[in-house]
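Colleague:
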Amino acid sequence: MITKNQDYVFYVDSFVMMSKQPMSRSNAAVVGTKNYIFLIPTKTVGMFLILDTIKTHSFFQGVSIPQGVQKLIEAASSVEELEESLKALLQNDEKYVYRLSEWPTFKFRGFFGKHTLRISKGGFGATSTIMVEGKGLSKEFRAYYGQ
0 MITKNQDYVF YVDSFVMMSK QPMSRSNAAV VGTKNYIFLI PTKTVGMFLI LDTIKTHSFF
60 QGVSIPQGVQ KLIEAASSVE ELEESLKALL QNDEKYVYRL SEWPTFKFRG FFGKHTLRIS
120 KGGFGATSTI MVEGKGLSKE FRAYYGQ
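First residue of the sequence shown? That's 0 in numbering that gives the first Met the number 0, and the numbers climb one at a time after it.
Following this line, the structure appears as structure tokens:
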């Protein structure tokens, strides 16, 4: 049995911006372990000149993304099993699966009580910004990673 806020963290809603998708922003569920951060997109909004495109994602049959992720977490007997099931769900797509050892810059920044995670590969490499939504949750997210 794995324990929330000790073995993993799970947040239903976050706002994400990625350099790999510069003209879009996403809402996503976030699952973090000490080795990975997984972003399970719920909605992506792309901005193209005068046209905005909105895509609502679906990963689970008949249940919402947060409910489906919660079921994956409950079914996992170890952190490694949870990580493998989330990698399989997201097809190990580097836009959504972040192996933390591959990202040398991993910093939280605070502004008016809101904590934003910025991870980067440095130089002109990939950069992502993750803002967990909900009162006090961004502080909890930061504390889980010891910053």
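We treat Cβ as the ideally placed atom computed from N, Cα and C, and that holds for glycine.
The structure displayed is predicted, hence computed values, not measured ones.
Leaving out five residues before and five after S77 in sequence, what residues of the same chain have Cβ atoms less than 8 Å from its Cβ?
Modeller: I1
Colleague: Quick one: measure Cβ to Cβ for N4 and Y143, integer angstroms, because I've assumed they're closer than 8 Å.
Modeller: 6 Å
Colleague: Comparing C-alpha positions only, which one of G133, T32, I36 and S137 sits nearest to S119?
Modeller: I36
Colleague: When you compare only the Cα positions, how much space is there between I64 and G121?
Modeller: About 31 Å.
Colleague: Starting from the N-terminal side, write out each stretch of the alpha helix (DSSP H) that is 4 residues or longer and does not extend beyond the segment 97-140.
Modeller: The qualifying runs do not exist here; there are none.
Colleague: Between the Cα of T43 and those of Y95, K33 and S84, spot the shortest distance and give me the residue it belongs to.
Modeller: Y95
Colleague: In terms of alpha-carbon separation, which member of F110, V131, M17 and G45 lies closest to F123?
Modeller: M17
Colleague: Measure the C-alpha to C-alpha separation of K19 and R108 and round it to an integer number of angstroms.
Modeller: 21 Å
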